[in-house]
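Working notes, beginning with the structure itself.
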Amino acid sequence: MSDHKLLLAAETPLLKGSARHIYQHPHDKNLLVKVLIHQPYATRPGSLKEWRHELRFRFKHLCVLRELNEYVRIKSIATESSIFPHLASFRGFADTDLGPGIIVEAQKDQYGKLAPTYTELLKTGRFDAQAAADLEAFFQTYKASSLVMSDLTGRNIVYAWQGDCHRFMIIDGLGDKTLFPIRSTCAISNKLLKIKSIERQRRRYRKLFKHSIMLETVRAISTTPLIGKNSKKGK
Ligand SMILES: Nc1ncnc2c1ncn2[C@@H]1O[C@H](COP(=O)(O)OP(=O)(O)O)[C@@H](O)[C@H]1O
Ligand SMILES: [Mg+2]
Numbered sequence: 007m008s009d010h011k012l013l014l015a016a017e018t019p020l021l022k023g024s025a026r027h028i029y030q031h032p033h034d035k036n037l038l039v040k041v042l043i044h045q046p047y048a049t050r051p052g053s054l055k056e057w058r059h060e061l062r063f064r065f066k067h068l069c070v071l072r073e074l075n076e077y078v079r080i081k082s083i084a085t086e087s088s089i090f091p092h093l094a095s096f097r098g099f100a101d102t103d104l105g106p107g108i109i110v111e112a113q114k115d116q117y118g119k120l121a122p123t124y125t126e127l128l129k130t131g132r133f134d135a136q137a138a139a140d141l142e143a144f145f146q147t148y149k150a151s152s153l154v155m156s157d158l159t160g161r162n163i164v165y166a167w168q169g170d171c172h173r174f175m176i177i178d179g180l181g182d183k184t185l186f187p188i189r190s191t192c193a194i195s196n197k198l199l200k201i202k203s204i205e206r207q208r209r210r211y212r213k214l215f216k217h218s219i220m221l222e223t224v225r226a227i228s229t230t231p232l233i234g235k236n237s238k239k240g241k
């Protein structure tokens with residue numbers, strides 16, 4: 007076994023994504039290692055189902071490569087620099103005892119913990135007016151750029167502390183995830199699909215805001231003493 011291999015198999019992943027396990031880098035607290043986990047198809051080896059399972063795994067590999075390709079592409083275009091501050095840094099590859107790993111910079115919150123995703127912010131009631139303004143700023147930059155991101159989901163953007171302010175950061179979802187890479191090959195579809203995905207995420211927080219404004223109004227009404235009630239008491 008190579009001396010340079012990162013040993014992760016005995017460690018518990020910090021998080022599990024839809025395809026990858028996220029580990030703390032064993033030698034650097036500011037880095038994470040992402041590993042695509044291959045689960046062998048246990049039942050009925052040699053079956054059509056196993057073949058489909060393997061094919062799906064190969065496609066996941068292809069998506070990881072497309073993600074890196076998009077990162078390198080966008081980073082090499084100087085005129086796209088406005089999106090750079092929103093991209094979590096890719097720091098290279100590592101050979102691990104779980105297979106090849108991708109090293110990325112860990113995005114953190116003010117207290118040094120892993121930054122919450124947009125979905126977590128919404129679910130825990132931490133999405134406030136400042137976060138909404140920061141999200142809108144991110145949407146504007148994202149829309150104006152040529153960045154290809156197939157998965158603008160709440161779990162692929164985190165709200166990270168930058169030393170003096172928060173910023174929404176893309177930590178996953180770059181590149182096409184369809185067999186034919188439609189977004190990379192057609193700029194117009196990329197733009198239209200971006201607008202659609204931004205609208206979908208906007209609806210999520212606007213719905214939540216509407217709900218909390220309604221709750222506050224109901225609370226305010228229920229705690230305000232009624233004139234009729236008071237005047238009755240006075241009688
Ligand atoms: N660079 C990062 N900084 C902070 N948290 C991260 C980072 N990368 C991933 N995460 C966390 O790990 C989760 C899963 O990572 P992700 O790369 O989205 O995996 P998958 O490719 O399986 O979807 C994310 O939703 C996020 O909470
Ligand atoms: Mg993800």
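Residue numbers (our numbering): 7 to 241.
Built from N, CA and C at the ideal position, the CB exists for glycine as well.
As the structure is a prediction and not an experimental result, all values here were calculated from the model.
Where residue i falls, given that 16 or more other Cβ within 10 Å makes a residue buried
i	result
T223	exposed
K235	With a pLDDT of 49 at K235, under the threshold of 50, the modelled position of that residue is not reliable, and the figure given next carries that caveat. Classification for K235: exposed.
C69	buried
R62	exposed
V164	buried
E60	exposed
I227	exposed
K40	buried
Spatial distance of residue i from residue j (CA atoms)
i	j	result
A15	F145	38 Å
P242	K55	A question about residue 242 goes unanswered here, because the residues of the chain that appear run from 7 up to 241.
F186	L42	22 Å
M175	P91	8 Å
H31	G179	21 Å
I194	Y148	15 Å
P106	I28	13 Å
M155	N196	9 Å
R206	I177	19 Å
T191	K183	13 Å
S53	A25	23 Å
Under 8 Å between C-beta atoms of residue i and residue j
i	j	result
R72	G160	no
L6	I109	No answer is possible for residue 6: it lies beyond the span of the chain, which begins at 7 and ends at 241.
E111	A139	no
R201	L153	The question names Arg, yet the displayed sequence has Ile at residue 201. Going by C-beta atoms, I201 is not nearer than 8 Å to L153.
Y211	L128	yes
L158	T102	no
Beta strand (DSSP E) segments (min. 3 residues) lying fully within the stretch 75 to 113: Entirely contained in the stretch 75 to 113, the beta strand (DSSP E) runs reaching 3 residues are, in chain order, 96 to 102 and 105 to 111.
Runs of beta strand (DSSP E) wholly within the stretch 129 to 172 (minimum 3 residues, chain order): Within the stretch 129 to 172, the complete beta strand (DSSP E) runs of at least 3 residues are 163 to 167.
Any heavy atom of ligand 2 within less than 5 Å of residue CB: hits in chain order: Here the residues come out as G23, N162 and D178.
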